[in-house]
Ligand SMILES: Cc1cc2nc3c(=O)[nH]c(=O)nc-3n(C[C@H](O)[C@H](O)[C@H](O)COP(=O)(O)OP(=O)(O)OC[C@H]3O[C@@H](n4cnc5c(N)ncnc54)[C@H](O)[C@@H]3O)c2cc1C
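Numbering (UniProt numbering), first residue to last: 1 to 492.
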């Protein structure tokens, strides 16, 4: 009797858990993808397989048992800037990939790499095939300096330089000339410090990271010994965080070269500063005073404050950078809001490598999507794209290219919550069945586009780890899209 009761309960539970919450159809628990054929399960498509895309998907999948999520990514490989932005010597940051992998392997989630939305398929087509489309395509452009000479040889955006050492296929051919003594980095955010640190880090250390082998070889031959990190405002407005400054200070055989004059009156301001800024400022003040290790230092780095670019100075042939002319600024106001105003004076700094790290920028990918070209974001309210039903956004394209992965996680969760609220309130109509990936993959096939699935990405992943192992590093990235596809679609 007890056994019969137990079997009955088990059967009852099975039916309970596998019954579609929105209509009478019964779903097999081993094939929850069947939800995709259930008339009213919300089908959501996400554009971009970076942190914003994965965190939005994660929240949607966890919050409801009937949502089906498909992620479309331009590259054959997932993870966006976690793979192509985060510095190779910050492996701990890349651990988020484990969570993203779990999301991608969820039975109601599918990954379609090698699909460029706006080119291979339009947002309108996605909107027809899905109940909701979430734009999470990041910030693929960079803000220009807007000064004469910025296209000279030897001048790079931080985006391209970072893409080069991190194996972004489009930056494979960058070949930066590292034969000069001094490099100038414009901008004082964490990306600027990543670039400076990579330029000055000992090779023995970098060779154990996932930096590409070709970048490692260039850095091995590098003659760069001095990196100046230039900002338009003062020490109290610097945009980097203490961890990154400490890493600069701790670089072996490298000393900080600060100008004590830049820090006049700063000690007196300390008591009024919020705690994180106070600790960062104290650290910089300590660095100005102590010239530790200067005897054995063969390399140096330093901040240069209150300077804005005016002109990139060319060599005699007018082809290559030899320096940068900077406007000398003064500050109007104080604290975070202080503005840099030019004094009319200028200063020239000699350099053979100039890297502009003044910000990434989102680009419009499809004419049907509203885009604010002033802020370079998709206009939205809490992730709902303004005046466009069924369209949402998350991550850098939603709020602009600032903030760490945790910030991106929070705003992606917000977008997912808003989307689900719209489903619950009926603002987002999910009553009509949508064909989802079935329709889009058909369209892609007719256009000769073959997507890369997550299990095919895992083949690229294994190949990269195998290549890395042979070189004594965690991974050696495949640099070429065509080679990525070859590995992904190989039969082994
Ligand atoms: C150099 C650098 C270093 C960083 N280091 C750190 C760090 O150490 N720690 C930290 O917490 N944060 C770091 N960040 C910040 C972090 O990377 C971002 O917060 C986060 O990546 C933003 O996520 P996202 O998904 O909005 O954009 P992205 O990461 O850029 O992802 C967007 C994805 O969309 C894809 N895509 C673009 N266009 C299309 C299209 N048309 N169709 C389909 N897909 C498309 C892209 O290929 C990409 O995969 C760093 C950022 C940079 C730039």
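Using N, Cα and C, we set each Cβ at its ideal position, and we do this for glycine too.
Check: residue i C-beta below 7 Å from any heavy atom of ligand 1
i, result
"residue 110", "no"
"residue 140", "yes"
"residue 70", "no"
"residue 359", "no"
"residue 272", "no"
"residue 373", "no"
"residue 457", "no"
"residue 447", "no"
"residue 164", "no"
"residue 369", "no"
"residue 269", "no"
"residue 137", "yes"
"residue 170", "no"
"residue 430", "no"
"residue 425", "no"
"residue 245", "no"
"residue 406", "yes"
"residue 52", "yes"
"residue 116", "yes"
"residue 73", "yes"
"residue 87", "yes"
"residue 400", "no"
"residue 47", "yes"
"residue 59", "no"
"residue 194", "yes"
"residue 82", "yes"
"residue 481", "no"
"residue 383", "no"
"residue 365", "yes"
"residue 191", "yes"
"residue 261", "no"
"residue 227", "no"
Backbone CA spacing between residue i and residue j [nearest angstrom]
i, j, result
"residue 170", "residue 116", "14 Å"
"residue 304", "residue 471", "38 Å"
"residue 325", "residue 144", "16 Å"
"residue 92", "residue 432", "44 Å"
"residue 174", "residue 161", "8 Å"
"residue 26", "residue 67", "Confidence at residue 26 is low in this model, with a pLDDT of 40, below 50, so the placement of that residue is unreliable and no value is reported for it."
"residue 347", "residue 311", "11 Å"
"residue 393", "residue 372", "13 Å"
"residue 113", "residue 467", "22 Å"
"residue 119", "residue 137", "13 Å"
"residue 396", "residue 405", "10 Å"
"residue 484", "residue 476", "12 Å"
"residue 149", "residue 208", "37 Å"
"residue 436", "residue 130", "5 Å"
"residue 416", "residue 248", "38 Å"
"residue 410", "residue 355", "31 Å"
"residue 178", "residue 280", "30 Å"
"residue 78", "residue 457", "8 Å"
"residue 448", "residue 479", "23 Å"
"residue 335", "residue 451", "49 Å"
"residue 215", "residue 360", "22 Å"
"residue 426", "residue 58", "22 Å"
"residue 37", "residue 440", "Because the pLDDT of residue 37 is 44, which lies under 50, any placement of that residue in the model is unreliable, and the question is left without a value."
"residue 104", "residue 473", "26 Å"
"residue 565", "residue 55", "What the structure shows of the chain is the stretch from 1 to 492, and residue 565 is not part of that stretch, so it cannot be assessed."
"residue 377", "residue 296", "47 Å"
"residue 269", "residue 263", "10 Å"
Residues bridged to residue i (per DSSP)
i, result
"residue 340", "331"
"residue 323", "313, 350"
"residue 386", "Its beta-bridge partners do not exist; DSSP assigns none."
"residue 356", "157, 186"
"residue 289", "None, per the DSSP bridge assignment."
"residue 275", "In the DSSP output, where bridge partners are listed per residue, residue 275 has none listed."
"residue 493", "Residue numbering for the chain in the displayed model covers 1 to 492; residue 493 lies beyond these limits and cannot be assessed."
"residue 307", "328"
"residue 254", "299"
"residue 473", "Paired residue(s): none; residue 473 is not in a bridge."
"residue 381", "384"
Neighbour flag for residue i against chain D, beta carbons, 8 Å
i, result
"residue 345", "No chain D appears in this structure, which consists of one protein chain only."
Query raised in the report: For the region 181-244, which segments carrying the beta strand (DSSP E) assignment without a break, of at least 3 residues, lie completely within its bounds, in sequence order?
Result: 182-186, 226-230
Query - Any alpha helix (DSSP H) of 4 or more consecutive residues that is wholly inside the UniProt domain "FAD/NAD(P)-binding" (43-199) - result: 51-63, 81-84, 96-104, 123-129, 158-165
Query raised in the report: Where are the beta strand (DSSP E) runs, 3 residues long or more, that stay fully inside the region 383-458, in chain order?
Result: 391-393
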